[in-house]
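Residue numbers (this note's numbering), protein chains in the order written: chain A, 1 to 240; chain B, 1 to 240.
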DNA sequence: CTAGGTGCGTGATACGGATCACAACCTGGT
DNA sequence: ACCAGGTTGTGATCCGTATCACGCACCTAG
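Structure below.
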């Protein structure tokens, strides 16, 4: 089989092993069959741009493999990373449903496999498959939820330290290490990108990490970070 | 007819004159009939709290009359106002769909009429009425969209002045005065509340207004504000 | 007509973090 | 082995704005 960018393409959703844990993908057979017939399985290299904020919506991108960076950016080039999407997420969904422009920019961080569906096809699909439509509502609720989290973090934090601590704790949860005494996590992003996630400058992130290390709260080994004092980190995260 | 809090209750959605311009309310007859049978028409005084962030979702609140303040607040009491909902909006929708806690707090700013629907009833209704389900997806897309705007404003602005200018311009658009040379708008909120909308302090808002007045960019007459120099305001709003 | 509440105006001060400017890295390519 | 380009570490400086602390105008209730 052709395998561009070193990816094993998942040709059919029916044989996809990951389908069961994915909110949108786990559709009843009828709907899935219809979905199969309108989707285009595509692959992108690292650094590819799926869509840019402001563009008219072409359709949805269901992420099957790889990570995608979702960001918004201001006229003067400042960037804010909203989140890094994981497989199973549907990108460009709200724009496709509402018909308004994409509200953010999606850029691959790894080689990615993506199922693309054209807007008209997708809307028709939704009208014909009520169960899929409900899944879409669930997905959108999820997105709204995480947007609210982002707003809370951006708007209600007093310091950059607080936001960084929150981010590290979130990551440790996502890694399934949160219940361990000393959770570890891989730092897959640069300081610059972390800065863009919490809306601060690169230098500040570097300084904050230096401070956390000095205070023995975290410990870095290459690109893995060990949280040595979870309690202290939590107290920074919810500082008054 | 009983009319609590000085409201004229709209008893039936069928006779509601405003239905046509409302994204969610304008349902086909069948769905609307079903909706009528599960909704409770209720009224609230000014200052009432419909739901609080963190609560398990009881159901949705369709706002028929009055304004509702949507906010999130931190443990130490700091508040961020996300938006002021207008009639036609469905509140608590994403939490009700996803089953997660309400992500924000809804408090009436005026006496309000609200149609409440219990979660189980609403979910059943969605399953049985695909067209309504699609409307829900549209509503959620809208909410997501405005959340993204909020994130952009909070995360990518460099100064409080920029955020205030953006807010004033938005308000002038919503008032339908945006194309006039000197748009007017009613300041229905206190400086404190405006501060909470743009994530700054009350004093800063006061100072910013003073500055705008001194520079002849706006002019206040009681609680109405005239924008005398729209261009200048726009340049502040998109300052580098 | 007062008293107390609520929103507004304004000064002085302090601090966090942006920004600029380099130096010290590390990593992959030739 | 070496150089280039991206990443990280650190100091000095400066600006925006939070915060505290007032006084003042207005409104409503007693």
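Glycine included, every Cβ here is placed at the ideal spot set by N, Cα and C.
| query | result |
| --- | --- |
| For the alpha helix (DSSP H) that residue 209 of chain B lies in, which residues bound it at each end? | 202-214 |
| Starting from residue 29 of chain A, trace the alpha helix (DSSP H) in both directions and tell me its first and last residue. | 29-38 |
| Which residue's Cα is closest to the Cα of residue 95 of chain B: A:142, A:111, A:57 and A:72? | A:142 |
| Among the candidates B:203, B:228 and B:202, whose CA atom is the shortest distance from the CA of residue 213 of chain B? | B:228 |
| Give me the DSSP bridge partner(s) of residue 107 of chain A. | A:49 and A:69 |
| Is residue 218 of chain A buried or exposed, if buried means 16 or more other CB atoms sit within 10 Å of its CB? | buried |
| Measuring straight from C-alpha to C-alpha, what distance separates residue 243 of chain B and residue 146 of chain B? | Any property of residue 243 of chain B remains undetermined from this structure, which presents chain B solely from 1 to 240. |
| Who are the near neighbours of residue 52 of chain A in its chain, counting only those whose CB is closer than 6 Å to its CB and skipping five residues on each side? | 105 |
| Drop a sphere of 10 angstroms on the beta-carbon of residue 136 of chain A, count the other beta-carbons inside from all chains shown, and report buried for 16 or more, exposed for fewer. | buried |
| Which residue from B:65, B:102 and B:74 puts its Cα closest to that of residue 115 of chain B? | B:65 |
| From residue 156 of chain A to residue 150 of chain A, what distance separates their C-alpha atoms? | 10 Å |
| Would residue 44 of chain B and residue 112 of chain B qualify as a contact pair, given that the criterion is a beta-carbon distance under 8 Å? | yes |
| Starting from residue 96 of chain B, trace the alpha helix (DSSP H) in both directions and tell me its first and last residue. | 93-98 |
| Alpha carbon to alpha carbon, what distance is there between residue 12 of chain B and residue 2 of chain B? | Residue confidence is low: residue 2 of chain B scores 47 on pLDDT, short of 50, so the model does not pin down where it sits. No coordinate-derived value is stated. |
| Chain B partners of residue 142 of chain A, CB-CB under 9 Å? | 94, 98 and 100 |
| By alpha-carbon positions, which one of A:125, A:159, A:19 and A:231 ends up nearest to residue 182 of chain A? | A:231 |
| Alpha carbon to alpha carbon, what distance is there between residue 163 of chain B and residue 179 of chain B? | 21 Å |
| Let me check understanding here. Comparing Cα to Cα, which of A:99, A:18, A:148 and A:176 lies closest to residue 63 of chain A? | A:18 |
| Tell me whether the beta-carbon of residue 25 of chain B lies closer than 8 Å to the beta-carbon of residue 99 of chain B. | no |
| Our contact map puts residue 93 of chain B next to residue 139 of chain B with C-beta atoms below 8 Å; I'd like the distance itself, whole angstroms only. | 6 Å |
| Residues of chain A with CB closer than 8 Å to the CB of residue 127 of chain B, please, in chain order. | 130 and 134 |
| Is it buried or exposed, residue 55 of chain B, if we count other Cβ atoms within 10 angstroms and call 16 or more buried? | exposed |
| Is it right to say residue 132 of chain B is buried, meaning 16 or more other beta carbons lie within 10 angstroms of its own, or is it exposed? | buried |
| Taking the Cβ atom as the reference point for each residue, do residue 199 of chain A and residue 80 of chain A lie within a distance shorter than 8 Å? | yes |
| For residue 174 of chain A, count the other beta carbons within 10 Å of its own beta carbon; 16 or more makes it buried, fewer makes it exposed. Which is it? | exposed |
| When the cut-off is 8 Å and only beta carbons count, does residue 150 of chain A lie next to chain B? | yes |
| What is the C-beta distance between residue 188 of chain A and residue 107 of chain A, in whole angstroms, given that I count them as a contact (C-beta under 8 Å)? | Residue 188 of chain A to residue 107 of chain A, Cβ: 14 Å. No contact. |
| Can you list, in chain order, the residues of its chain with a C-beta nearer than 6 Å to that of residue 185 of chain A? Leave out the 5 residues immediately preceding and following it. | 171, 172, 175 and 225 |
| I'd like to know whether the C-beta atoms of residue 61 of chain B and residue 109 of chain B end up nearer to each other than 8 Å. | no |
| On a CA-only basis, which of B:196, B:130 and B:38 is nearest residue 119 of chain B? Give me that one, please. | B:38 |
| Could you check which residue in B:27, B:235 and B:73 has the C-alpha nearest to that of residue 168 of chain B? | B:235 |
| Excluding five sequence neighbours on each side, which residues of the same chain lie with their C-beta closer than 6 Å to the C-beta of residue 244 of chain B? | The structure shown has nothing for residue 244 of chain B, since chain B only spans 1 to 240. |
| Starting from the beta carbon of residue 137 of chain A, find every residue of chain B whose beta carbon is closer than 8 Å, and list them in chain order. | 97, 126, 133, 136, 137 and 140 |
| Give a yes or no on whether the minimum CB-CB distance between residue 38 of chain B and chain A is below 8 Å. | no |
| What's the gap between the Cα of residue 154 of chain B and the Cα of residue 166 of chain A? | 18 Å |
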